[in-house]
Amino acid sequence: MPTPPASRTAPRPGPKARLSRSRVIDAALECGVDRVTMQAVAERLSTTPSALYKYVRNLDELVIAALQELLRRAPLPDPAAGWRSFLQAEAALRWDVLTSNAGLALADVSRFESVTTPRLVAMVDVLAGCGFDTDDAVLAVDAVLDLVHDGAAQAIGLPRPGDTPTAELQARLDACPPRVRSAIERIVADPRSHVERKLMLVLDGLERRLATSTTGRGTKRATTRPAAHSRATPSRRPR
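The numbering of the sequence shown is my numbering, which starts it at 847 and goes up by one.
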C-alpha cells in the first residue's frame, strides 16, 4: 500500500491566539512606547491595524495604556530606608525608563499628565510621611523629576563610547580650556554618573532646607524615615 504524501499527515496549525486589550498593550510595549504605531502592533500580532480598534480608540489611547502598564511594572520604591534613598531609587528607575524609551524623554511631558500625576502625588505623600510640608515635598519631587528628565533627554543625544562626537559637541570641546574640556568629556562618557552627582547636590540642599525650616518653626526636624502609617500606595507616573 503506498505511503500517503507527507502533507496529508502533517499536523494542522493550532488556532491563532485571540486578540485582547492586554495582548495589544503588550505588543505596543514590545515595539517601544516611543516607537509604537498601529501598523507595527498589528504586524506583531499577525493581524490588521483595523482589528486593533476594537480594543483601543486610537494611537494616543494605546500609547497612554502602554505607559500605564510600563509604570505598573515599575512601582514606587519602598520608602522604608528614608526620603533620600526613596528619591534616589525613584530617580534611578526614571532614568532607566526614559533612556530605554528615548521618545518619552524627548516628548512633551504634558501629553502624559493624566498618567504621571498620580505618581507625583504618591511621591509627595511619601515625603509628607517623612516630615516634609506639602510645598517642600512638591518642590523636592519636581526638582528631582526635572533633573532626571532633562539629563535623560541630553544623554540620548550624546555619542556612545567610541563614536565620533557631533560637530556641535566637538566645537564646544575645542572652545574649552583643557581642565574644563576634561570635565565635559567625563560627563559625555558617563552621563548617568553626572546626573547622580547633580542629584546629590539637590538632596544635600533639601536636607539643609529642611533643617532650617523645621528649626525656624520650632517643630520636629523632618526624619529620614517615614512615619509607619504614611506609606503611599504605589501609583503611576514617568515623565
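Glycine included, C-beta positions come from ideal geometry on N, C-alpha and C.
Exercise. So, using beta-carbon positions, are Y901 and L865 closer together than 9 Å?
Worked result: Residue 901 sits at position 55 when you count from the first residue of the sequence shown. Residue 865 sits at position 19 when you count from the first residue of the sequence shown. In contact: Y901 and L865 (Cβ atoms closer than 9 Å).
Problem set entry | Chain-order list of residues whose beta-carbon lies under 6 Å from that of L933 (same chain, five-residue window excluded) | Here the question's residue 933 lines up with position 87 in the sequence shown. Only V990 meet the Cβ criterion.
Exercise. What residue does the alpha helix (DSSP H) around C877 start on, and which one ends it?
Worked result: For the purposes of this step, residue 877 is taken as the residue at position 31 of the sequence shown. Taken as a continuous stretch (DSSP letters only), the alpha helix (DSSP H) holding C877 covers 867-877.
Problem set entry | Simplified DSSP state of V990, which is helix, strand or coil | Numbered from its first residue, the sequence shown carries residue 990 at position 144. Note: V990 maps to helix in three-state DSSP.
For this session: Report yes if the CB atom of L898 is closer than 9 Å to the CB atom of A912, and no otherwise.
Result: In the sequence shown, the residue the question calls residue 898 occupies position 52. In the sequence shown, the residue the question calls residue 912 occupies position 66. Contact flag unset, no.
Problem set entry | A948 beta carbon less than 9 Å from that of I1002 | By one-based count along the sequence shown, residue 1002 stands at place 156. By one-based count along the sequence shown, residue 948 stands at place 102. It is a contact, given that the beta carbons lie within the stated cut-off.
Exercise. From T1012 to L950, what does the alpha carbon distance come to, in whole angstroms?
Worked result: Position 166 of the sequence shown holds residue 1012. Position 104 of the sequence shown holds residue 950. Those two C-alpha atoms are separated by around 23 Å.
Exercise. Out of N904, A938, W929, which has the shortest C-alpha to C-alpha gap to A920?
Worked result: Taking the sequence shown and counting its residues from 1, one reaches residue 920 at position 74. Taking only the C-alpha atoms, the option nearest A920 is A938.
For this session: Compare the beta carbon distance of R965 and L922 with 9 Å and say whether it is the shorter of the two.
Result: Counted from its first residue, the sequence shown places residue 965 at position 119. Counted from its first residue, the sequence shown places residue 922 at position 76. Contact flag set, yes.
Problem set entry | From D906, S960, E907, V970, residue whose alpha carbon lies closest to that of E936 | Position 90 of the sequence shown, counting from 1, holds the residue named residue 936. Taking only the C-alpha atoms, the option nearest E936 is V970.
For this session: Identify, in the order they occur along the chain, each residue of the same chain with its Cβ nearer than 6 Å to the Cβ of L799, setting aside the five sequence neighbours on each side.
Result: It is not possible to answer for residue 799, since the shown part of the chain is limited to 847 through 1085.
Exercise. Who are the near neighbours of R1027 in its chain, counting only those whose CB is closer than 6 Å to its CB and skipping five residues on each side?
Worked result: Along the sequence shown, one-based indexing puts residue 1027 at 181. Result list for R1027: L1019, in chain order.
For this session: Along the alpha helix (DSSP H) that carries L922, what are the first and last residues, could you check?
Result: For the purposes of this step, residue 922 is taken as the residue at position 76 of the sequence shown. Where L922 is concerned, there is no enclosing alpha helix (DSSP H), given that its DSSP letter is neither H nor E.
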